[in-house]
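Below is one structure; the comments refer to it alone.
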Amino acid sequence: MKPATNIQEGKRQIIESLAGINDELLILAIQNMIAYAKLRDEEYFAESIEEYNQKIDEAVAEMNEGKFLEHEEAIKMFS
7 MKPATNIQEG KRQIIESLAG INDELLILAI QNMIAYAKLR DEEYFAESIE
57 EYNQKIDEAV AEMNEGKFLE HEEAIKMFS
């Protein structure tokens, strides 16, 4: 299968490929992958704008309190 040029083409290619598969375990694995992807997307968007902004405000407050590392310090820690 050649690489798809866009998402819709990729989906079409996958659907065509699935039509010829009779391996029950492979179908189950693909179903589980799709379920996991949907769950992950739901969790990603579950955070509200208010929660997101609160986390930003907390991070800015920590920076203002001096709770951060300079880039050079971080490099030294992991070198």
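Residue numbers (my numbering): 7 to 85.
Glycine included, C-beta positions come from ideal geometry on N, C-alpha and C.
Model, not experiment: these values are computed from the prediction.
- Between the alpha carbons of E68 and E56 lies a distance of about 18 Å.
- If only complete runs of 4 or more residues are kept, the segment 43-80 shows the alpha helix (DSSP H) at 55-70, in order along the chain.
- Rounded to whole angstroms, the Cβ separation of A10 and G16 is 3 Å, and the two are in contact under 8 Å.
- Cβ-Cβ distances below 8 Å link L45 to nothing in the same chain once the five nearest sequence neighbours on each side are left out.
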